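The structure appears right after this line, and notes come after that.
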Amino acid sequence: MLDVTGLRAGYGPAEVLRGIDLTVRAGEIVAVLGANGAGKTTLNRAISGVIAVRGGTIRFDDEDIAGSRPAAIVSRGLIHVPEGRRIFPNMSVRENLVMGSYARARANRARNLDRVFATFPRLAERTRQAAGTLSGGEQQMLAIGRGLMAEPRLLILDEPSLGLSPLLVEEMFALIGRINAEGLSVMLVEQNVVQSLALAHRAYIIEQGEIVLSGAAEALAADPALQKAYLGL
Amino acid sequence: MLLSSDILIQAVANGLLTGAIYALIALGLTLIYGVLHIINFAHGALLTAALFAAFFADRVLGIDPWISVFALAPAFFALGYLLQRLVVWPASRGEDRAILLVTLGLAVIIENGLLFQFRSDTRTIDHPFGFDVVELGTMLLATTRVVAFFAAIGVAAALFVFLAMTDTGRAIRAVAKERLGAELSGVDVPHIYAVTFGLGTACLAVAACLLLPSYYVTPQVGNAFVLVAFTIVVLGGMGSVPGALAGGLFIGVVESISGLLYGETLGQLGIFLIFILVLLFRPQGLFGAKA
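These protein sequence lines map, in sequence, to chains X and Y. Be aware that the first sequence starts at 1, since it is given in my numbering, and climbs by one per residue. Be aware that the second sequence starts at 1001, since it is given in my numbering, and climbs by one per residue.
Next comes the structure, spelled out in structure tokens:
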């Protein structure tokens, strides 16, 4: 479904991604794991067209989308829920969700609103509240809900657990599992290695802009090198 | 000096009438600031251009400004859209400082182009309602200015509803506060920037058509209005639409009353006194959120 080969990108003179290869197949949860500064967010931004691609290809549904504008990529159903949520603080919860259907699935807006409210009952209680006044966990739910409003074919989640309490993190991961079980492909970009590997089918480990390890999530979780580097075992 | 209440009420009413036009001009400015985060220095020159357009529509084509507004508003929307898309955005390469300079450059070009073509003569039109007045209690109000008041308030309200209720309006508000989030929701940001610039410019065309029956045109005329509009934008809170409306009406009244007290030529003194007080004590503006 998503096929990235030799992807290079960066800012100014700094090259952040130095040839990334990765694949997400339909129905999968693929985790992309790495420390701060490894290039995870740059990878997401390059895939969703926010920053320029300097080399390599990004194929989505067998079409090259490298160099396309973000709006065009969203229209294809590749939805990126960014790090830091990036909700619209000045707008109500409902308006935020409606914005999710700006470029895609506009006709199904009412139905999808109901579905998002069913998935996130907390949001349903706060439809008229300004999004900026929500708690961190609620804002993350809103960001994911906004992404779901576009009827994504592939959902990229950038650090959905960031800044959440351990209990909420667990809730968030369970939720991602449920969304995936309903058939949605997910690329989960995280620092939280243990829980991500427990949830994902496959995973890539990214270090300094390169994939250093990849494979089935279970196998990676048992990999001695990974355990040493990321789990402190 | 003791003022009778009749005179005072008349001054307040006149101030409100002027203030509505100020508000409309400030609305365009604050909208562009709120979304693109730039001060559009070309705002005054574009207002002047709109006044000239309305003037020649009347004098050459014989179309009353109250009619030509329906053509000039969309035409100036298109002009603003294209200016942003083809000139301001490409020339600035996304750098805020550069955008500032590009709009300043545009202002210089437009103003001097008009000056070269039309000299600095003062031009007026003869409006069929130019000498009509509306009697309201003890007040006598110029019909053209009463019409302008209601039209300006109507346009401001329509703009507010547009921003609140439509997909494009929501996208404008989304881009204003969270550009990346909007981009990732599929909003074409350069398009929304241009639409916003277009709306701001269309406000000027409406303001011009409402002003012309009771005002004059020169190649510099826009600047006086935009200076006041800047004050209103700061007063109302940079980027706030209701702030621009309330600020415009308020400043109109301040100008009118201080004109009454200190004489017509010193009317603007009160405006800038208030401006300084706001900057000192409430720099975020009356409606602005704290930074």
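Every residue gets a Cβ at the ideal spot worked out from N, C-alpha and C, and that includes glycine. Note that the structure is a prediction, hence the values are computed from the model and not measured.
For chain Y, find out if any of its Cβ atoms is closer than 8 Å to the Cβ of residue i; answer yes or no.
i: X/A150; result: yes
i: X/E63; result: no
i: X/G55; result: no
i: X/E95; result: yes
i: X/R58; result: Per the sequence shown, residue 58 of chain X should be read as Ile rather than Arg. No, X/I58 does not count as interfacial toward chain Y.
i: X/R146; result: yes
i: X/H80; result: yes
i: X/M187; result: no
i: X/R86; result: yes
i: X/P70; result: yes
i: X/S48; result: yes
i: X/Y102; result: yes
i: X/G10; result: no
i: X/P89; result: yes
i: X/T42; result: no
i: X/M99; result: yes
i: X/S165; result: no
i: X/V4; result: no
i: X/S75; result: yes
Determine, using beta carbons only, whether residue i comes closer than 8 Å to chain X.
i: Y/A1291; result: Its pLDDT being 40, under 50, Y/A1291 is placed unreliably in this model, and the value from its coordinates should be taken loosely. No - not a single Cβ of chain X is within 8 Å of the one on Y/A1291.
i: Y/V1233; result: no
i: Y/D1188; result: yes
i: Y/L1286; result: no
i: Y/S1240; result: no
i: Y/G1181; result: yes
i: Y/A1174; result: yes
i: Y/D1121; result: no
i: Y/A1171; result: yes
i: Y/L1184; result: yes
i: Y/E1178; result: yes
i: Y/D1096; result: no
i: Y/D1006; result: no
i: Y/D1167; result: yes
Which two residues bound the contiguous beta strand (DSSP E) that contains residue i?
i: Y/T1201; result: Premise fails: Y/T1201 lies in the alpha helix (DSSP H), V1189 to L1211, not in any beta strand (DSSP E).
i: X/G19; result: A14 to V24
i: X/T5; result: L2 to Y11
Which residues does DSSP pair with residue i in a beta bridge?
i: X/H80; result: X/I156
i: X/D243; result: Missing from the structure shown is residue 243 of chain X; chain X here goes from 1 to 233 and no further.
i: X/G215; result: X/A203
i: Y/L1159; result: Its beta-bridge partners do not exist; DSSP assigns none.
i: X/A31; result: X/L188 and X/A203
i: Y/V1217; result: Y/R1123
i: X/S92; result: X/A130
i: Y/A1142; result: Y/V1133
i: X/E210; result: X/E207
To the nearest whole angstrom, what separates the beta carbons of residue i and residue j, a pair I think is in contact under 8 Å?
i: X/M99; j: X/R146; result: 6 Å
i: Y/S1256; j: Y/G1267; result: 7 Å
i: Y/A1152; j: Y/L1024; result: 4 Å
i: X/G132; j: X/P89; result: 3 Å
i: X/I29; j: X/L199; result: 6 Å
i: X/A105; j: X/S75; result: Not confirmed; about 10 Å, so no contact.
i: Y/I1232; j: Y/A1244; result: 6 Å
For the alpha helix (DSSP H) containing residue i, list its first residue and its last residue.
i: Y/I1009; result: S1005 to L1036
i: Y/L1273; result: G1267 to F1281
i: Y/I1172; result: D1167 to K1177
i: X/K40; result: K40 to I47
i: Y/V1088; result: Neither: Y/V1088 is in no alpha helix (DSSP H) and is coded neither H nor E.
i: X/G37; result: Taken as a continuous stretch (DSSP letters only), X/G37 belongs to no alpha helix (DSSP H), as it is neither H nor E.
i: X/V50; result: Neither: X/V50 is in no alpha helix (DSSP H) and is coded neither H nor E.
i: X/S75; result: P70 to S75
i: Y/F1287; result: Looking at the DSSP string, Y/F1287 is not in any alpha helix (DSSP H), and its letter there is neither H nor E.
i: X/L139; result: Before going further, note that residue 139 of chain X is Gln rather than Leu in the sequence given. Element bounds for X/Q139: G136 to L148.
i: Y/V1241; result: V1241 to Y1262
i: X/V169; result: P166 to A181
i: Y/L1047; result: H1043 to R1059
For residue i, decide whether its Cβ has a neighbour in chain A, counting only Cβ atoms nearer than 8 Å.
i: Y/L1199; result: The displayed structure is made up of protein chains X and Y, and chain A is not among them.
Is the beta carbon of residue i within less than 7 Å of some heavy atom of the ligand ADP?
i: Y/L1029; result: The model on display carries no ligand, and the ligand ADP is accordingly not part of it.
May I have a chain-ordered list of the beta strand (DSSP E) segments no shorter than 3 residues that lie completely inside the segment 1101-1136 of chain Y?
DSSP runs (the beta strand (DSSP E)) wholly in the segment 1101-1136 of chain Y: 1133-1136.
Curious, which full-length alpha helix (DSSP H) runs of at least 4 residues does the segment 95-126 of chain X contain?
Secondary structure remark: continuous alpha helix (DSSP H) runs of at least 4 residues inside the segment 95-126 of chain X, in chain order: 109-119 and 121-124.
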